[in-house]
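Counting in our numbering, the sequence shown runs from 216 upward without gaps.
Ideal Cβ placement from N, Cα and C applies to all residues, glycine included.
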Amino acid sequence: MAKPITDIEPIKMSEDEQKQKDTEDILTALIDNKASVLECLELLHHLHERGILELLNGMFGQGDRVMGIAAREFNKPGISHSLDHMMNMAQMLGEIDVHQFKGLATNINEGMSNAAKHLEAGEKVSMFDLVKALKDPEINRTVTALLSFLKGAGKEV
């Protein structure tokens, strides 16, 4: 009767056969991802043209030294406060409703333009002019919005 197979040895490829298989695998991956590879090459070309690749190679080549300098700079009091403020600003910007802000930004630009015209003309406003201006629907709406804003902001203070 035949003996059972207990040892299975994988077929070993020669070094040349392994290189050939690896080359075929690489070519297949390049063909399958042609668009991505071409975009990466274009990105690398632009980075090279602008000297960014050279800069990055220098930074990574001197990584420990660059990190030491960066750590020293970031530990300076002014820088650490600035970074903290930037993080707080980024968080605040993330909480703003962009759709509401877009209309407000347009209105602010209009208001700034109008204010500049009146400042250049040297116009002065009396108390009577101020009370009279509140009867203007646009001014009244703006003052109402401003007061509502201040009331809403004051709740959190």
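The beta-carbon distance between L361 and N355, rounded to whole angstroms, is 11 Å. This is too long to meet the 8 Å contact definition. Rounded to whole angstroms, E230 and G276 show a C-alpha spacing of 33 Å.
In the structure shown, the three-state DSSP call for T238 is helix.
G309 sits in a helix when the DSSP states are folded into three classes. One alpha carbon belongs to N272, the other to D279, and they sit about 13 Å apart. In this model, T321 and H314 are separated by some 11 Å (Cα to Cα). In the DSSP assignment, L349 falls outside any alpha helix (DSSP H) and carries neither an H nor an E.
Beta-carbon to beta-carbon, L245 and V252 are separated by about 6 Å, close enough to satisfy the 8 Å threshold.
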